[in-house]
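Presented below is the structure to which this report refers.
Number of protein chains: 2
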Amino acid sequence: MGDRTLDTTGERQGRDFVTDLTKKSVDLSRWYTEVIQKAELADYWQIHGFQVIRPYGYAIWELMQAGLDGRFKATGHKNVYFPLLMPESLLTKEAEHVEGFAPEVAWVTEAGGEKLAERLAIRPTSEAIFGTMYSKWVQSWRDLPLLLNQWCSVVRWEKATRFFLRTTEFLWQEGHTAHRAEDEARQETMRMLDTYRDFVERDLAVPVIPGRKSEAEKFAGADSTYTIEALMPDGQALQSATSHFLGQNFARAFDITFQDLDSQRKHVWTTSWGLSARTLGAVIMVHGDDSGLIFPPRVAPHQVVIVPIPARASRPTDEEAVRGAVEAARQALTGAGLRVEVDWSDKTPGWKFSEWELRGVPLRVEIGPRDVQKAQAVLVRRDTREKTFAPLAGLPAAAADVLEQVQAVLYDRAVAFRKARTSRAASLDELKVALQAAPGFVLAHWCGSAECEARIKAETGATIRCIPFEEPETADGVAAQPGPGSCVVDGKPSAQRALLARAY
Amino acid sequence: MGDRTLDTTGERQGRDFVTDLTKKSVDLSRWYTEVIQKAELADYWQIHGFQVIRPYGYAIWELMQAGLDGRFKATGHKNVYFPLLMPESLLTKEAEHVEGFAPEVAWVTEAGGEKLAERLAIRPTSEAIFGTMYSKWVQSWRDLPLLLNQWCSVVRWEKATRFFLRTTEFLWQEGHTAHRAEDEARQETMRMLDTYRDFVERDLAVPVIPGRKSEAEKFAGADSTYTIEALMPDGQALQSATSHFLGQNFARAFDITFQDLDSQRKHVWTTSWGLSARTLGAVIMVHGDDSGLIFPPRVAPHQVVIVPIPARASRPTDEEAVRGAVEAARQALTGAGLRVEVDWSDKTPGWKFSEWELRGVPLRVEIGPRDVQKAQAVLVRRDTREKTFAPLAGLPAAAADVLEQVQAVLYDRAVAFRKARTSRAASLDELKVALQAAPGFVLAHWCGSAECEARIKAETGATIRCIPFEEPETADGVAAQPGPGSCVVDGKPSAQRALLARAY
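First to last, the protein sequences are chains A and B. In case it helps, the numbering used here puts the first sequence at residues 646 to 1149. In case it helps, the numbering used here puts the second sequence at residues 646 to 1149.
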């Protein structure tokens, strides 16, 4: 398959490449799996549930890391690297924790040619590892707070898996902090939840609802778990990050104590919080369209792709002029701090347009012989496909402006969709109808009992995503603040509405 | 232990803190282990051979990553994340490879509550994993070259371990590339070796000798392995990075073929190359002194520490003036792009001096009431302890200047030490004497046979570190270029001298 074949059929193949893609509007699940492979974000691995993250997918993760890591460091957190493996005896120290995680653990039982005396767990999460070290490092109130974070992968043996959303090994960051006082630990828990909200909404353009998890849904070993919940296009919720107030549970299990100012020996208060590559799955699902991905400019590996429009073969001077203008544009855009790709491949423009649309580049710049003559470039934004012209001299400002608009539009679209798919239900029947008619978030009163929670789940398939701090906007436009009512299941008093949805 | 205790005894404790440290000049090995713990770079973990990398140690690793990653990306490489685990059947596909690594592998045999049908290896290195995916992705010459890299941890079950230098799990990067032609793959192998040399010499200020490994010392599965070798203060060599030309070994084992321009199906040519956190061990050993660490400014987490000198309690105006001057200095230095720490703790200046010296901060800036009066700051560089004064207004330029000097001096010192510890030997006896008298590098003719190599190792404890591209400077000042001679063991012809040393 040489150059010539591609040259003559490129345009058609380019269209096929996209035509082949299942329409997102028809089958979200298939579209999701296909677009990830076509755009070369990830691929399958030989072990069930594992994935390979390819350069384009990893580039987004690196930008997500940069956005979060800057926020962590600005709030005084420091990065570390703790071990991959822990002895079984450590994992079992905190009773609820082991109960929650042991069934999903991958165990190392042989190493260096020998059977090991004790099984070693590949970390499913590292509370037990950090707890062990904190118990050694923390002696005095002067050693507190400890504000540590690590970027790593963890392993949880899952049965039903899906690219990014649920994989057996996944990339994430896990923050682990220890504090002198309860209120300080509580503040940290909320501060990190708000850091996640800020990052996911501003950088990823995905609106989320923050709130507290029910007892049934909280992290194994936590006193309370807080979450940010996003809504996917099929009306299912996706938990996008969690922040746990661990109380003194791990401090007691791992004997993390300090001598306070009053000379008393006390247990510390700890928190943990994490965001994983699963949130990249939310970005893909929320913003993409029938033609492929749409990446929010702040995390798009290429914010701008320049597609040179070829001159007629009979006009070599034109070709040189285009080449010069494209190179100048690339330099100007890069100089303005934008991430720019130029597609000099020998594919046809049509093929390139389709390919970069599928790959979700938020802005395409076309420069051809006629554009050079007019000292202009064609700008085509990915979200609306709107075409504008900008003078070559003013290209960086025009591009930056369009990118800001794309970022805002993606967020606004997602907010509008969520609003259209958020309702209130005053009874279990109303809840069922709401989840059937236009699946999404439903706000409903719940008394707080595990029985009613289980019945809701059994009858509707929906779970309590969180007890939200504020009620999100609903489709009917009726605003409401959290307030008391009656449980939709047993009619008992409810302090406020819970947020319900089926979930990934 | 409240404030008061510390205030009155801080000066003495500060001195103890350093006095406690074993002198590097007396016992390098103990000094090394102690200084890593005292400076809080790393700590032991509960599983033999594993370590915990603490914030200060991880901060250096992050700077090392940034330095290398920028170089990788500038040469067209892209980052990815490939799986932690591989089925045993993959590891065994390349015969030499499995022979080299299988004895060190940690095996997952149970997961998700079940015995696994096939053991899964935690990656000891990822040639087999990349090879498997490359075989799927590479179809045409258009898919080449593939230039991928990943930052991750790998596990090799080691018996004798030591912080950073040899740990069971270690952080590293591993590059894996596939090429259309042999010469291109060979060029890549050498280009990455030179990238390592440039990074280690310029950023880490550690001089290295590049060369080719002997057959006995090469990577399991490689056609040839190239290395950069550094010399530690005890005269032992430390392999600081390796770059492997894998020929078509992995291409054949993993069936990585492509259709070339001539329509023929051909095997690709592959390379792999890695640098690990062990190289941080070299930085620690090479530059430190009896008072502790000395970090090269380019990778020092704090390049400058400002120690405010307290005013007399009776002069609150002075205290305010110092606070203002320190804050202004911090802002000016940070604004100039320097990494700055201010030590506002309630320890005494003496304690702080000792502590930051132990932690290896290359430049200390002292600002006290008298300095403020004179609008100056005291600059004390860590390497020579030389004290100079700089006007507060010119502090950033003066600090940057000192840091450049420190970077250069550390490198020059290491080069001078290496030169003093490099010699030539014309016989096995001379080799023994050289290694005994002043352990270091010895250049000696070697015929290339495995028998002679084994005999050298058995009789002297030294191994062939590499066949160097150029002969390094020797203590006697006699320059020589690689040229023929007679093997020091069997007298047979030798094309050039090999570089020998005992090694970590």
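The beta carbon of each residue, even a glycine, is placed where N, CA and C say it ideally should be.
Q. Does the region 825-835 of chain B come within contact of the region 873-885 of chain B, defined as at least 3 CB pairs closer than 8 Å?
A. no
Q) Taking a cut of 8 Å between CB atoms, which residues from the region 748-770 of chain B lie near chain A? A) Pro-748, Glu-749, Val-750, Ala-751, Trp-752, Val-753, Thr-754, Glu-755, Ala-756, Gly-757, Gly-758, Arg-764, Leu-765 and Ile-767
Q | Partner residues on chain B for Gln-948 (chain A), Cβ-Cβ distance less than 9 Å | A | Simply none; closest approach about 16 Å.
**Q.** Nearest residue (CA-CA) to Glu-685 (chain A), options B:Tyr-726, B:Cys-1132, B:Thr-924 and B:Arg-1147
**A.** B:Tyr-726
(Q) For a test of the three-state rule: what should DSSP assign to Leu-1055 (chain B), helix, strand or coil? (A) Here Leu-1055 (chain B) sits in helix by DSSP.
Q) Would Thr-1067 (chain B) be called buried (16 or more neighbouring beta carbons within 10 Å of its own) or exposed? A) Result: buried.
(Q) My output table needs one value for Glu-784 (chain A): the three-state DSSP class, helix, strand or coil. (A) The identity of residue 784 (chain A) in the sequence shown is Gln, whereas the question assumes Glu. Correct three-state label for Gln-784 (chain A): coil.
(Q) In the DSSP output, what is Asn-794 (chain A) paired with across the bridge? (A) A:Asn-724 and A:Gly-820
(Q) I'd like to know whether the C-beta atoms of Ala-1035 (chain B) and Arg-984 (chain B) end up nearer to each other than 8 Å. (A) no
Q) Does DSSP put Gln-904 (chain B) in a helix, in a strand, or in coil? A) strand
Q: Could you confirm whether any beta carbon from chain D is found closer than 8 Å to the beta carbon of Pro-790 (chain A)?
A: This model lacks chain D altogether, as its protein chains are A and B.
**Q.** As assigned by DSSP and simplified to three states, the class of Ser-999 (chain B)
**A.** helix
Q) Do the CB positions of Leu-1076 (chain A) and Ala-1095 (chain A) come within less than 8 Å of each other? A) no
**Q.** Which residues DSSP lists as bridging Ile-951 (chain A), in chain order
**A.** A:Val-987 and A:Val-1010
**Q.** Beta bridge counterpart(s) of Trp-1091 (chain B) as assigned by DSSP
**A.** In DSSP, Trp-1091 (chain B) forms no bridge with anything.
Q. Are the region 903-919 of chain A and the region 931-941 of chain A touching, with three or more C-beta to C-beta distances below 8 Å?
A. Touching, no, given that fewer than three Cβ pairs across the two stretches are closer than 8 Å.
Q.
Three or more C-beta pairs under 8 Å: does that hold for the region 920-930 of chain A against the region 800-817 of chain A?
A. yes
**Q.** Rounded separation between Tyr-689 (chain A) and Trp-782 (chain B) - CA only
**A.** 12 Å
Q: Report buried or exposed for Val-1123 (chain A), applying the criterion of at least 16 other Cβ atoms within 10 angstroms of its Cβ.
A: exposed
Q: Apply the 10 Å Cβ neighbour rule to Ala-1071 (chain B) and answer buried if 16 or more other Cβ atoms are within range, or exposed otherwise.
A: exposed
Q: Compare the Cα-Cα distances from Ala-966 (chain B) to each of B:Lys-1019, B:Asp-839 and B:Glu-1000 and report the closest residue.
A: B:Lys-1019
Q. Is the region 689-705 of chain A close to the region 792-808 of chain A, with three or more CB pairs under 8 Å?
A. Taking 8 Å as the limit for Cβ pairs, the verdict is that the region 792-808 of chain A does touch the region 689-705 of chain A.
Q. Using the rule of at least 16 other Cβ atoms within 10 Å of the residue's Cβ for burial, across every protein chain shown, is Ser-959 (chain A) buried or exposed?
A. exposed
Q.
Would Phe-717 (chain B) pass as an interface residue toward chain A - the criterion being a Cβ-Cβ separation below 8 Å?
A. no
Q.
Please return the same chain residues whose Cβ sits closer than 7 Å to the Cβ of Leu-792 (chain A), not counting the five positions on each side in sequence.
A. Gly-721, His-722, Lys-723 and Thr-822
Q. Mind pulling the beta strand (DSSP E) runs of 3 or more residues that sit fully within the region 1074-1123 of chain B?
A. 1086-1090 and 1108-1113
Q | Backbone CA spacing between Arg-660 (chain A) and Arg-1147 (chain A) [nearest angstrom] | A | For Arg-660 (chain A), the pLDDT reaches just 49, beneath the cut-off of 50, and the residue's location in the model is therefore unreliable, leaving the point undetermined.
Q. For Glu-691 (chain B) and chain A, any beta-carbon pair shorter than 8 Å?
A. The sequence given here has Gln at residue 691 (chain B), not Glu. Yes - at least one Cβ of chain A is within 8 Å of the one on Gln-691 (chain B).
Q | Beta-carbon proximity list for Arg-1030 (chain A), same chain, < 6 Å, skipping 5 on both sides | A | none
Q) Applying the criterion that 16 or more other CB atoms from any shown protein chain within 10 Å of the CB defines a buried residue, is Trp-989 (chain B) buried or exposed? A) Classification for Trp-989 (chain B): exposed.
Q. When the cut-off is 8 Å and only beta carbons count, does Val-800 (chain A) lie next to chain B?
A. So, interface residue.
Q) What distance in whole Å lies between the Cβ atoms of Thr-1119 (chain A) and Arg-1069 (chain A), which are believed to be in contact at a cut-off of 8 Å? A) Rounded, the Cβ-Cβ distance is 6 Å, consistent with contact.
Q: Please go through the same chain and pick out, in chain order, the residues whose beta-carbon is closer than 7 Å to the beta-carbon of Gly-1128 (chain B), but skip the five residues on each side of it.
A: Gln-1141
**Q.** Cβ pair Ala-865 (chain B), Gly-745 (chain B) closer than 8 Å
**A.** Gly-745 (chain B) sits close to Ala-865 (chain B), with the two beta carbons spaced by under 8 Å.
Q) Three-state secondary structure (DSSP) at Leu-651 (chain A)? A) Model confidence at Leu-651 (chain A) stands at a pLDDT of 33, short of 50, so the residue's coordinates are unreliable and nothing is read from them.
Q.
Between A:Gly-1085, A:Ile-698 and A:Arg-1015, which has its C-alpha nearest Tyr-1149 (chain A)'s C-alpha?
A. A:Gly-1085
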